[in-house]
Amino acid sequence: MTFFAVKSIAKRYGSVVAIQEASLEIKPGEIRAILGGNGSGKSTLAKIIGGAVSPDSGEIIFEGKPYRAASPAQAKQQKVIITSQELSLLTNLTVEENLVLPAIPTKGKLFTNRKEMRKQALQVLDRVGLSHIAEVLVEYLPENQKFMVEFCKALLQQPKLLVIDEITSALFREEVEIFKQIVKELSQQGVGILFISHRMGEIFSLCDSVTVMRNGQVIGTYNIADVNEDMLVEMLTGTKAKSAVRPAVEHIEDADKTLLSVRDMLLPSFGTRINLDIKHGEMIGIAGLQGQGQSEFVRALFGMLGPVRFRLDDKEVHIHSVRRAVKEGMAFLSGDREREGTFSIRSISENLEAVNTSALSRKPLNQKELLDSYGVKFDNVKQPIRTLSGGNQQKVVIARWTGVKPKVLLADDPTKGIDVQARRDVHAIFSDLTASGSAVIIVSSDDEELVNLTKNHPNSRVLVMYGGQFVHTLRGDDITVHNIISASLPREGVESK
Amino acid sequence: MNRTLNKMTNWTSFPSLVLIIVLAIVNSFFVHKFFSLNYASSFLTSYTPLIICAMAQTIVLLGRGIDLSIGSVVSLVNVTVVTLVGMGWSLPLAMLVGVLTGMAVGILNGFVIGILRVTPLLATLATSSIAAGAALWIMPYPGGSVSIDYVLWYQSLIFGFIPAPLIFIVVALLIWFLWRYTPAGLQLYAMGKDIHKTYVSGVPVHRTQFFIYMTSGILSGIAAIALTGNTGAGDPLIGESYTLHAVAASVIGGVSLMGGSGDTYGSIFGSIFLGLAFQLVFVLHFPSYYQDLASGVIVLVGIIGASLMKLRSSRPRIMSTSSR
Numbered sequence: 029m030t031f032f033a034v035k036s037i038a039k040r041y042g043s044v045v046a047i048q049e050a051s052l053e054i055k056p057g058e059i060r061a062i063l064g065g066n067g068s069g070k071s072t073l074a075k076i077i078g079g080a081v082s083p084d085s086g087e088i089i090f091e092g093k094p095y096r097a098a099s100p101a102q103a104k105q106q107k108v109i110i111t112s113q114e115l116s117l118l119t120n121l122t123v124e125e126n127l128v129l130p131a132i133p134t135k136g137k138l139f140t141n142r143k144e145m146r147k148q149a150l151q152v153l154d155r156v157g158l159s160h161i162a163e164v165l166v167e168y169l170p171e172n173q174k175f176m177v178e179f180c181k182a183l184l185q186q187p188k189l190l191v192i193d194e195i196t197s198a199l200f201r202e203e204v205e206i207f208k209q210i211v212k213e214l215s216q217q218g219v220g221i222l223f224i225s226h227r228m229g230e231i232f233s234l235c236d237s238v239t240v241m242r243n244g245q246v247i248g249t250y251n252i253a254d255v256n257e258d259m260l261v262e263m264l265t266g267t268k269a270k271s272a273v274r275p276a277v278e279h280i281e282d283a284d285k286t287l288l289s290v291r292d293m294l295l296p297s298f299g300t301r302i303n304l305d306i307k308h309g310e311m312i313g314i315a316g317l318q319g320q321g322q323s324e325f326v327r328a329l330f331g332m333l334g335p336v337r338f339r340l341d342d343k344e345v346h347i348h349s350v351r352r353a354v355k356e357g358m359a360f361l362s363g364d365r366e367r368e369g370t371f372s373i374r375s376i377s378e379n380l381e382a383v384n385t386s387a388l389s390r391k392p393l394n395q396k397e398l399l400d401s402y403g404v405k406f407d408n409v410k411q412p413i414r415t416l417s418g419g420n421q422q423k424v425v426i427a428r429w430t431g432v433k434p435k436v437l438l439a440d441d442p443t444k445g446i447d448v449q450a451r452r453d454v455h456a457i458f459s460d461l462t463a464s465g466s467a468v469i470i471v472s473s474d475d476e477e478l479v480n481l482t483k484n485h486p487n488s489r490v491l492v493m494y495g496g497q498f499v500h501t502l503r504g505d506d507i508t509v510h511n512i513i514s515a516s517l518p519r520e521g522v523e524s525k
Numbered sequence: 368m369n370r371t372l373n374k375m376t377n378w379t380s381f382p383s384l385v386l387i388i389v390l391a392i393v394n395s396f397f398v399h400k401f402f403s404l405n406y407a408s409s410f411l412t413s414y415t416p417l418i419i420c421a422m423a424q425t426i427v428l429l430g431r432g433i434d435l436s437i438g439s440v441v442s443l444v445n446v447t448v449v450t451l452v453g454m455g456w457s458l459p460l461a462m463l464v465g466v467l468t469g470m471a472v473g474i475l476n477g478f479v480i481g482i483l484r485v486t487p488l489l490a491t492l493a494t495s496s497i498a499a500g501a502a503l504w505i506m507p508y509p510g511g512s513v514s515i516d517y518v519l520w521y522q523s524l525i526f527g528f529i530p531a532p533l534i535f536i537v538v539a540l541l542i543w544f545l546w547r548y549t550p551a552g553l554q555l556y557a558m559g560k561d562i563h564k565t566y567v568s569g570v571p572v573h574r575t576q577f578f579i580y581m582t583s584g585i586l587s588g589i590a591a592i593a594l595t596g597n598t599g600a601g602d603p604l605i606g607e608s609y610t611l612h613a614v615a616a617s618v619i620g621g622v623s624l625m626g627g628s629g630d631t632y633g634s635i636f637g638s639i640f641l642g643l644a645f646q647l648v649f650v651l652h653f654p655s656y657y658q659d660l661a662s663g664v665i666v667l668v669g670i671i672g673a674s675l676m677k678l679r680s681s682r683p684r685i686m687s688t689s690s691r
């Protein structure tokens with residue numbers, strides 16, 4: 029009996045082909061990675077399986093029978109559960125309310141059974157070590173916990189087939205381990221798992237097999253033992269992978285001059301004060317365990333946490349609003365595209381100009397050239413940005429900022445949910461930016477990314493944060509994943525507040 | 368204790384409660400025996416219809432919709448009941464038909480919005496016009512009357528201390544509880560925040576939308592029955608002002624126009640606030656020509672005040688990554 033098979037599924041949106049032709053089959057208990065670049069059709073495939081999008085043609089077989097889901101509710105009835113990269117959580121409800129929303133427990137068939145709700149929620153939250161957040165509004169959760177809750181929400185529905193779309197990109201190491209453990213348990217219970225991810229390490233440590241998609245087509249399916257990372261990247265891109273960071277630029281003007289000098293800047297939620305000097309052309313990686321003040325630091329610099337003062341380019345600046353920060357040449361790139369990145373229903377063109385013409389009243393950019401140079405795949409600049417894949421959307425947002433030539437680019441987990449090739453492209457853009465004399469400060473929950481980005485860069489540092497303070501600085505050959513991890517861990521003398 | 372206090376001040380309806388207290392104190396200087404059961408009773412007699420209309424609007428607003436037909440439904444039900452009584456129907460039966468009429472308009476709204484997926488603003492504007500037209504068709508001029516017994520009962524104190532209009536509010540509250548304490552309530556708040564995410568979570572959002580507007584229609588009908596007790600007669604234009612005032616009362620009561628935030632107690636407080644303000648205009652002897660102007664200004668000031676207070680109490684939380 030076929031457990032789950034997708035046969036010749038196709039889907040187009042107007043003139044844009046999302047999936048040209050996709051077929052795949054998995055066995056019960058199999059953990060299958062779906063790997064694909066921007067716009068490869070993998071997210072669309074997930075949505076089709078989950079009943080949120082209906083395919084133009086093709087069929088799906090589930091447990092030996094044709095499977096049809098005209099709505100997410102119907103898919104759920106058949107125990108086909110999807111976790112979404114965009115998250116299906118309602119921020120005005122508590123964690124427990126969100127968890128049970130797909131099937132709210134009742135008493136007497138009418139009234140909501142709050143006790144049972146709590147019980148179910150705790151059961152699943154306990155497994156991920158988050159039982160203390162059951163009553164918290166999702167609005168107040170940090171990004172990584174939201175993704176864990178999204179995962180829990182899927183777990184609670186007792187899936188037979190679980191599609192996990194980009195969940196780990198926002199998670200921190202320890203959570204990824206918990207997540208992997210649970211996925212393995214599910215697999216032992218015979219649950220089929222489709223795991224959409226960009227993190228090679230996870231794919232190799234978790235999955236049994238991998239299906240590679242490119243441009244809306246399945247390129248091939250392989251046993252994980254038969255492939256290695258380079259092979260996969262090659263299949264993904266159709267070309268040999270480019271080296272992550274371009275060769276060091278020989279000479280940067282003013283390389284010795286301080287660009288940004290921060291003195292006693294307050295991080296409100298920690299009550300700590302930050303000092304930092306950054307030179308022209310520096311690439312600064314910010315690392316640390318989850319929630320040690322990394323995000324607050326870049327947000328504080330951008331004036332999002334209240335007025336701040338610092339020295340920028342030999343000038344004392346007083347940032348009392350984000351607008352002021354932008355005017356002074358600061359740029360902020362968030363990994364939370366939906367909330368802090370794109371204007372989803374507006375056009376690519378408007379998204380691109382949001383800072384340049386709207387905030388700074390400068391002359392319009394050469395949009396086509398800019399987008400092409402970043403390899404953004406698009407029909408025309410007037411289409412809404414939400415019609416692009418996640419990676420392409422992020423590239424547009426990056427272009428929005430680089431187009432205005434910022435002095436300092438602040439990035440908070442900017443490559444979250446972006447595929448390997450696009451991630452390398454983004455890294456190259458950052459490198460180019462530092463080569464032109466700007467500084468880049470990047471926070472990342474992925475230590476490997478920080479290493480790739482800073483290791484071969486001539487002017488780079490990785491600053492490790494703990495409890496709202498910089499506790500370690502790594503340079504040159506010291507920048508390794510191992511060193512970052514060991515510097516991140518709390519130890520004697522560094523007390524958690 | 369501190370925690371209770373915190374919870375209290377974070378309550379979406381809290382600002383409107385403060386507004387009421389302030390306004391009540393102001394009113395007490397101008398109104399003879401303001402703090403008395405008699406005054407409370409007569410106040411409720413006048414403003415119960417508004418309170419119930421605001422409760423109807425609140426349920427719709429929570430689901431990120433809007434019901435512009437509330438006022439017209441009130442007029443339609445009012446003239447329907449009075450006309451039926453004029454034709455010799457018994458009052459309870461006429462009232463039942465009245466409420467069913469309100470429900471019918473609600474079902475029409477629910478069908479057009481939930482099933483045919485027309486924007487609430489347009490759909491209810493159209494049905495509002497239909498209901499208003501039907502009211503004028505049934506009764507072109509104010510007239511008719513219901514039995515004086517009903518009017519006297521409506522204005523009376525049950526057991527000597529329960530104002531009769533309270534019964535209507537309790538019924539409306541029971542309908543609210545039917546939402547709040549069933550899965551539908553959670554779905555309502557979820558939908559108000561993000562209909563797509565709610566849909567993806569497997570909630571039958573279109574069915575929920577249907578029931579939202581149906582509920583609004585029923586509540587508007589109940590409001591009209593109360594109003595009929597207050598006026599004792601039929602008037603095809605009597606409900607006109609209720610649509611705007613119901614939205615205003617909800618907003619003043621902390622219900623978000625963007626959906627998913629607020630509760631019905633806020634709409635009750637908001638209505639009481641508006642009622643107190645209108646009373647103030649009345650006792651200050653404004654010329655009657657300016658009363659519309661004055662009440663419009665009150666509505667605007669009330670809404671602005673509520674929005675400002677909301678802004679203060681819930682600063683945008685920009686930090687998205689903090690683990691504590």
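Respectively, the protein sequence lines represent chains A and F.
Take the first sequence: its position 73, counted from the start at 1, is 101 in this note's numbering, and no numbers get skipped.
Take the second sequence: its position 123, counted from the start at 1, is 490 in this note's numbering, and no numbers get skipped.
In this text, a Cβ means the ideal position worked out from N, Cα and C, and glycines have one as well.
Report the neighbours of residue i on chain F: residues whose CB is nearer than 9 Å to its CB, in chain order.
i	result
P100 (chain A)	Y566, V567, S568, G569 and V570
List the residues that DSSP assigns as beta-bridge partners of residue i.
i	result
N251 (chain A)	A:S237
E49 (chain A)	A:Q245
S380 (chain F)	Its beta-bridge partners do not exist; DSSP assigns none.
M358 (chain A)	A:V436
V156 (chain A)	According to DSSP, V156 (chain A) bridges with nothing at all.
At least one CB of chain F closer than 9 Å to the CB of residue i: is that the case?
i	result
K104 (chain A)	yes
P83 (chain A)	no
G313 (chain A)	no
K181 (chain A)	yes
For residue i, count neighbouring C-beta atoms within 10 Å of its own C-beta (all shown protein chains included) and say buried if the count is 16 or more, exposed if not.
i	result
A276 (chain A)	Legend: pLDDT at A276 (chain A) = 45, less than 50; position of this residue unreliable, value from coordinates given subsequently. Answer is exposed; the Cβ neighbour count stays below 16.
V273 (chain A)	Annotation note: pLDDT 45 at V273 (chain A) (below 50); position unreliable, no value reported.
G299 (chain A)	exposed
S689 (chain F)	With a pLDDT of 36 at S689 (chain F), under the threshold of 50, the modelled position of that residue is not reliable, and no figure is offered here.
P487 (chain F)	buried
W543 (chain F)	buried
F560 (chain F)	Checking the sequence shown, residue 560 (chain F) turns out to be Lys, not Phe. Classification for K560 (chain F): buried.
Q421 (chain A)	buried
K268 (chain A)	Note that K268 (chain A) scores a pLDDT of 48, beneath 50, so its modelled location is shaky; the value from the coordinates is reported in the next line. That one is exposed.
D440 (chain A)	buried
H399 (chain F)	exposed
S271 (chain A)	Because the pLDDT of S271 (chain A) is 44, which lies under 50, any placement of that residue in the model is unreliable, and the number read from its coordinates should be weighed accordingly. That one is exposed.
E230 (chain A)	buried
M470 (chain F)	buried
D342 (chain A)	exposed
Shorter than 9 Å from the beta carbon of residue i to some beta carbon of chain A?
i	result
L553 (chain F)	yes
T549 (chain F)	yes
Y414 (chain F)	no
A557 (chain F)	yes
Name, please, each residue of chain A whose Cβ falls closer than 7 Å to the Cβ of residue i.
i	result
D561 (chain F)	L118
Given that residue i touches chain F, what residues does it touch there, using C-beta distances under 7 Å?
i	result
A80 (chain A)	V567
Item to check | Against chain A: residues of the region 617 to 633 of chain F by CB proximity under 8 Å | outcome: Residues passing the 8 Å Cβ filter: G627 and S628.
Next on the checklist: So if I threshold CB-CB distances at 9 Å, which residues from the region 110 to 141 of chain A count as touching chain F?
Outcome noted: Listed by position, the residues of the region 110 to 141 of chain A near chain F (Cβ gap below 9 Å) are I110, S112, E114, L115, S116, L117, L118, T119, N120, L121, E125, N126, V128, L129, P130, A131, I132, P133, T134, L138, F139 and T140.
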